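What follows is one structure encoded as structure tokens, with my remarks underneath.
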Amino acid sequence: MKFCINYAVLLWWYFSFIRSDYSTLPCSFSKFFKGSLSAATRAAAFVRGDDVIHKLFTELAYRYKDRAGGYTRLLRTRIRVSDAAPMAYIEENELRQSKPPTPPLPPRPALDPWIKSRLSRQFAPSKEEKSSESEI
Numbered sequence: 001m002k003f004c005i006n007y008a009v010l011l012w013w014y015f016s017f018i019r020s021d022y023s024t025l026p027c028s029f030s031k032f033f034k035g036s037l038s039a040a041t042r043a044a045a046f047v048r049g050d051d052v053i054h055k056l057f058t059e060l061a062y063r064y065k066d067r068a069g070g071y072t073r074l075l076r077t078r079i080r081v082s083d084a085a086p087m088a089y090i091e092e093n094e095l096r097q098s099k100p101p102t103p104p105l106p107p108r109p110a111l112d113p114w115i116k117s118r119l120s121r122q123f124a125p126s127k128e129e130k131s132s133e134s135e136i
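Numbering (UniProt numbering), first residue to last: 1 to 136.
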């Protein structure tokens with residue numbers, strides 16, 4: 001899912017202290033991270049649009065409340081030509097189920113002795129190659 005920079009910054013800011021102890025934070029920060037009305041007004045100072053704030057505090061907060069981190073992926077792109085500003089592409093990382101591990105390959109049956117002897121004769125070095133290697 002492509003993600004707006006406002007969502008990404010606000011999600012990082014909102015969830016960076018979600019697992020920390022609220023008693024160690026300053027009073028103003030601890031009020032912000034509890035999801036109160038003042039938290040929404042403080043978030044409105046950074047993000048424009050009531051629909052963005054509403055989505056953050058109603059949908060996204062509950063989706064990510066048990067997640068420890070890694071909400072966004074930042075892919076650096078080119079440097080902008082006009083003012084040499086670094087550009088980036090920001091994506092939301094979805095919670096995906098991990099793939100089950102691949103089962104080990106079944107063991108191959110042993111080669112028949114007759115086939116083994118034929119293969120060793122076919123791929124064995126010639127007598128001339130053996131003698132030249134021993135002289136060196």
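Virtual Cβ for every residue (Gly too), placed ideally from N, Cα, C. Given the structure is predicted, the values throughout are model-derived calculations rather than measurements.
#1: Which same chain residues end up closer than 8 Å to Leu119 when comparing Cβ atoms and leaving out the 5 residues on each side of it in sequence?
#2: What whole-angstrom Cβ distance do Ile53 and Ala44 have, given they're in contact under 8 Å?
#3: Within the segment 46 to 92, note down every full beta strand (DSSP E) run reaching 3 residues or more, in order along the chain.
#4: Assign Pro100 to one of three DSSP states: helix, strand, or coil.
#5: Taking the C-alpha atoms as reference points, what is the distance between Phe29 and Pro86?
#6: What's the gap between the Cα of Ile115 and the Cα of Pro107?
#7: May I ask which residues mark the beginning and end of the alpha helix (DSSP H) holding Leu111?
#8: With the cut-off set at 7 Å, would you say Thr72 and Ile90 are in Cβ contact?
#9: Counting C-beta neighbours from all protein chains within 10 Å, is the total for Leu56 16 or more, i.e. buried, or is it exposed?
#10: Specify the secondary structure class of Ala40 as computed by DSSP and reduced to three states.
#11: CA-CA distance, Thr77 and Asn93?
#12: Which class does Leu105 belong to by DSSP, given the choice of helix, strand or coil?
From the atom records:
#1: Leu111
#2: By a beta-carbon distance limit of 8 Å, Ile53 contacts Ala44. Their separation comes to about 6 Å.
#3: 72 to 79, 86 to 92
#4: coil
#5: For Phe29, the predicted structure reports a pLDDT of 39, less than 50, and the residue's modelled location is therefore unreliable. The matter cannot be settled from this model.
#6: 18 Å
#7: Unbroken run through Leu111: none, as it is neither H nor E.
#8: yes
#9: buried
#10: Three-state DSSP puts Ala40 in a helix.
#11: 18 Å
#12: coil
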